[in-house]
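Below: one structure, written as structure tokens.
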Amino acid sequence: MSNIITNLPANKTLAQNILLSFEYASQHCTTPTVFFTAEPLPGMNVTFHEMAVILSSVPTILCCLISIYIITGHYLHWVNPKEQKQIVLCIAFLPIFCVLNFFAGWFYRASAIIVPVLSVYTAKGLIAVFLLYIGYISPEENDRGTFYVGLERRAYNGNRKHDKGSLRWFRVIWVLVFQIVPVTMMLFPISYIIVNVICPLDSRLESAEMAMAGLQFLTTSTCWTAIFLYYKRTQSQLKNYRGSRKLNSFQSLVGLQSIQSLVFPLLTQTASYLPTKYISYEDFTNVIPAFMTCWESLIFSILFIKVFSFTPYRNAVLVQHEHPETVGRAVMDTINQMDIVRGVIYMFQILFQRADDADFCMAREEYGSANGSENGSENGASYELEPVHNQSVAMDEILQNLNSHTS
28 MSNIITNLPA NKTLAQNILL SFEYASQHCT TPTVFFTAEP LPGMNVTFHE
78 MAVILSSVPT ILCCLISIYI ITGHYLHWVN PKEQKQIVLC IAFLPIFCVL
128 NFFAGWFYRA SAIIVPVLSV YTAKGLIAVF LLYIGYISPE ENDRGTFYVG
178 LERRAYNGNR KHDKGSLRWF RVIWVLVFQI VPVTMMLFPI SYIIVNVICP
228 LDSRLESAEM AMAGLQFLTT STCWTAIFLY YKRTQSQLKN YRGSRKLNSF
278 QSLVGLQSIQ SLVFPLLTQT ASYLPTKYIS YEDFTNVIPA FMTCWESLIF
328 SILFIKVFSF TPYRNAVLVQ HEHPETVGRA VMDTINQMDI VRGVIYMFQI
378 LFQRADDADF CMAREEYGSA NGSENGSENG ASYELEPVHN QSVAMDEILQ
428 NLNSHTS
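All letters in the sequence shown, in the order written, are residues 28 to 434 by the working numbering.
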């Protein structure tokens, strides 16, 4: 913001008005009115801000309608809650993100309130993608240790590293993914405290906002990278579920948002952009990124029709004569956030070296429940395609390996 003072226009009257605006804002701890001031566009009776809001409303409405269509299709054919819940959360991310950005661009002063909420939904969306992948490979939590102890450990280049399984690798990935939850929940209240305590013209506000944006970018990038590494490692198991499409479509949007949230504030701080008489300071820092996000969300919502299609689950009802749950039950399953809570608890168990006990107990429970059954339970099988399970390690060996970790 200070770059506006150091780069005053040549017009003395305009420069004097800017200085008076800054002086008044400094005395009353408010934002200078010059940040919102802009003339109507040439030959038009609307400002750039008003035009951007009008144009943003079109993709926002279309994105919501398309997302509602896909989600309704899943709710009417709710035959695999563990998979479809994460799919619905991924789809719902788009209209929520689009609507919040629309209001952030419409109401200048609301952006400081809305932006922290966006980071929360970004975290939930990334977690949903990760849990969806895990649900494809190992639908039951009790199978978690079973599968990864028997999964051959390979380096990033594909070479085999050792024959001790991939359980430790999986736990590292789990921590790198779920770290976004406590970090985001910590930054969420701090963002509001900073905005309410530090005056808009205080130089500390810009530094604090840049630090917050940088930390959010770092934690989001870490989570995104961990999910990508998980996908690359289990690509052979996920290829029948269009895993690459889900990863690319969802995380491309998240990546764009992360870059935009860092680039635009950085440009304004480094004096790379100065307000013009048609585009104000707030237009550049808030309205343009929000406008871009609305149109990006519409594009990705169209892609989601194919990527997160409800057709496999509809076929399960119409062809395989499966009995879907009620819409009310589907909504309650979606609202339930206990999977995230359990994921955070498991993350801390890993960090405090208590995960071995948890996995051993779950594996022992699974071994007891599978006693007398050759192939185990088929509950939770995917309706997209038959899941690919690694059965190379017997249950007795798995229990022995898990037990050796605890001893």
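Yeah, the Cβ is synthetic: ideal placement off N, Cα and C, and Gly gets one too. This one's a predicted model, so the numbers in the text were calculated from it and none came from an experiment.
Extent of the continuous alpha helix (DSSP H) run through residue i
i              : result
proline 216    : 207-224
isoleucine 164 : 138-164
lysine 304     : Premise fails: lysine 304 is in no alpha helix (DSSP H) and is neither H nor E.
alanine 65     : Looking at the DSSP string, alanine 65 is not in any alpha helix (DSSP H), and its letter there is neither H nor E.
arginine 171   : 171-176
proline 316    : 315-334
Simplified DSSP state of residue i, which is helix, strand or coil
i              : result
glutamate 349  : coil
aspartate 366  : helix
leucine 228    : coil
glutamate 77   : helix
serine 263     : helix
methionine 239 : helix
asparagine 402 : Only weak support is given to the placement of asparagine 402: the predicted model assigns it a pLDDT of 41, under 50, and the value that follows is read from those uncertain coordinates. Coil.
glutamate 167  : coil
glycine 132    : helix
Option in the options with minimal Cα separation from residue i
i                 : options                        : result
lysine 273        : Ala240, Pro216, Ile332, Met239 : Ile332
valine 126        : Tyr148, Phe335, Val73          : Tyr148
leucine 203       : Ser193, Asn363, Tyr257         : Tyr257
aspartate 229     : Ala137, Cys56, Leu47, Tyr51    : Cys56
histidine 104     : Asp360, Val371, Tyr340         : Tyr340
alanine 150       : Asn169, Phe134, Ala119         : Ala119
phenylalanine 337 : Ile114, Met71, Ile81           : Ile114
alanine 139       : Leu158, Pro216, Asn72, Ser84   : Pro216
proline 122       : Arg136, Asn107, Ser84, Leu158  : Ser84
valine 281        : Trp251, Phe291, Val142         : Trp251
Whole-angstrom distance between residue j and residue i, CA atom to CA atom
i                 : j              : result
methionine 239    : glycine 132    : 20 Å
glutamate 323     : valine 314     : 14 Å
lysine 304        : asparagine 44  : 13 Å
leucine 232       : cysteine 226   : 7 Å
phenylalanine 197 : glutamate 309  : 44 Å
glutamine 347     : glutamine 206  : 40 Å
leucine 46        : valine 210     : 39 Å
threonine 246     : methionine 212 : 12 Å
glutamate 393     : tyrosine 163   : The pLDDT assigned to glutamate 393 is 49, lower than 50, so where the model puts this residue is not dependable; a value taken from the coordinates is nonetheless given after this. Their backbone Cα atoms lie some 18 Å apart in a straight line.
phenylalanine 129 : glutamate 77   : 12 Å
arginine 260      : tyrosine 268   : 15 Å
alanine 397       : asparagine 169 : With a pLDDT of 48 at alanine 397, under the threshold of 50, the modelled position of that residue is not reliable, and the figure given next carries that caveat. Roughly 11 Å between the two C-alpha positions.
phenylalanine 63  : lysine 109     : 47 Å
leucine 116       : threonine 361  : 7 Å
serine 165        : asparagine 107 : 13 Å
Interface flag, residue i vs chain C, CB-CB below 9 Å
i             : result
threonine 361 : No chain C is present in this structure, which holds just one protein chain.
Residue i - partner residues in DSSP beta bridges
i              : result
tryptophan 105 : Glu352
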